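Here's the structure, in structure tokens; my notes come after.
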Amino acid sequence: MIDWVLVSNLATAVGTSLLAVATFVATRSANRSARSAERALLEGLRPILLPSNWSDPAQKVRYLEGRWVIVRGGRASVELTSEAIYAVLSLRNVGSGLAVLHGWYIPDDPRAEHADPSEFYRLARDIYVPTTDPGFCQIAIRDRESLFSQRIRRDLAGEDQFVVDVLYSDAEGSQRVISRFLVSRGPTEHADEGEEYALTVSRHWNLDLPAPRN
């Protein structure tokens, strides 16, 4: 004799199991779709900074005390006075999203890993580098006794170059990146306007995303 109650219970159990499997598969598929959409959104916001092109126009940058510094495409401009250091890096954003600069740091050893973001000197004003035009990073060190001032003066006196780490993010404040730039003294095409410095980038670190080298 067929136990219809048992058959009914088994059928219910099988149906419930199949429904659970289908729900699990659908959830995984939805999660994958959400992650893909999130990656696409982040990619559209992601900035990455490099030196600008040598053919880019010169930029004239003003400091708080009214001082103006001119920097040409693909280069850096550095002015050392008895009391202060003024430096401007000519940059271009080759990423797909706006770059918002947060700060800079002068490492003691150019081969060392980057410092903690909390140790970076925070910019006194917001600086944005769009994806369509050249931009800049502006540095002012007005305390001659500061470590940053001592490191730049030491490195320029010894090797004619120094390193700057620039901290920036996308427009949402996420996807933070540290890019390391080498500023090196070299021959100038404009001798009447002082020394020019070549600008190259050596490394990028992702702070909020997996490191590309892992």
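Sequential numbering from 1378 applies to the sequence shown in the numbering used here. Here a beta-carbon is modelled for each residue, glycine too, at the ideal position from N, C-alpha and C. Quick caveat: nothing in here was measured; it's all calculated off a predicted structure.
Q: List the endpoints of the continuous alpha helix (DSSP H) containing G1480.
A: It is not in any alpha helix (DSSP H) - G1480 instead sits in the beta strand (DSSP E) that spans 1476-1482.
Q) Tell me which same chain residues have a C-beta within less than 8 Å of the C-beta of D1493, skipping the five on either side of it? A) Closer than 8 Å at Cβ, skipping near neighbours: no residue.
Q: Report the residue from L1559, P1428, A1517, D1433 whose alpha carbon sits nearest the alpha carbon of V1471.
A: Nearest C-alpha to V1471: P1428.
Q: Identify which residue in I1425, E1442, K1437, E1522 has its Cα closest to the Cα of R1449.
A: Selected option, being the one with the closest Cα: K1437.
Q) So S1579 and R1557 are in contact, right, with Cβ under 8 Å, and what is the actual spacing, rounded? A) Rounded, the Cβ-Cβ distance is 5 Å, consistent with contact.
**Q.** Burial state of W1481 (16 or more Cβ within 10 Å)
**A.** If you draw a 10 Å sphere on the C-beta of W1481, you find 16 or more other C-beta atoms in it, and that means buried.
Q: Say whether chain C places a C-beta atom closer than 7 Å to the C-beta of V1455.
A: Of the protein chains in this structure there is only one, and it is not chain C.
Q. In whole angstroms, what separates the C-alpha of S1473 from that of D1485?
A. Their Cα atoms are separated by approximately 32 Å.
Q: Give a yes or no on whether the C-beta atoms belonging to I1518 and I1555 are separated by under 7 Å.
A: Going by beta carbons, I1518 and I1555 fall outside the 7 Å limit.
Q. Buried or exposed: which applies to R1452, given that a residue is buried once 16 or more other Cβ atoms fall within 10 Å of its Cβ?
A. With a threshold of 16 other beta carbon atoms within 10 Å, R1452 meets it and is buried.
Q | Bounding residues of the alpha helix (DSSP H) (the contiguous stretch that carries R1528) | A | 1524-1536 is the extent of the alpha helix (DSSP H) around R1528.
Q: Check P1494 in the structure and name its three-state DSSP category.
A: Correct three-state label for P1494: helix.
Q: Quick one: residues in its chain with C-beta nearer than 8 Å to the C-beta of A1411, no 5 flanking neighbours on either side, listed in chain order?
A: For A1411, the pLDDT reaches just 48, beneath the cut-off of 50, and the residue's location in the model is therefore unreliable, although a value from the coordinates is still provided. Once the five neighbours on either side are set aside, A1411 has no close Cβ partner at all.
(Q) Closest to R1521 by C-alpha separation, out of F1513, C1514, R1530, would be which residue? (A) Comparing Cα positions, the closest option is R1530.
Q: Starting from the C-beta of W1431, find all residues in its chain whose C-beta is less than 6 Å away, skip the five residues before and the five after it, and write them out in chain order.
A: Contacts found: G1450, G1451.
Q.
What residue range does the beta strand (DSSP E) around A1464 cover?
A. Counted as a single uninterrupted DSSP element, the beta strand (DSSP E) harbouring A1464 occupies residues 1462-1470.
Q: Using beta-carbon positions only, say whether A1476 and I1516 come within less than 7 Å of one another.
A: Against a cut-off of 7 Å, the Cβ pair of I1516 and A1476 comes out as no contact.
Q: Using 10 angstroms around the beta-carbon of P1434, count the other beta-carbons present and answer buried if the total reaches 16, otherwise exposed.
A: P1434 should be labelled exposed.
Q: Just mark Y1505 as buried or exposed, buried being the case when its beta carbon has 16 or more other beta carbons within 10 Å.
A: By the neighbour-count rule (16 or more Cβ atoms within 10 Å), Y1505 is not buried but exposed.
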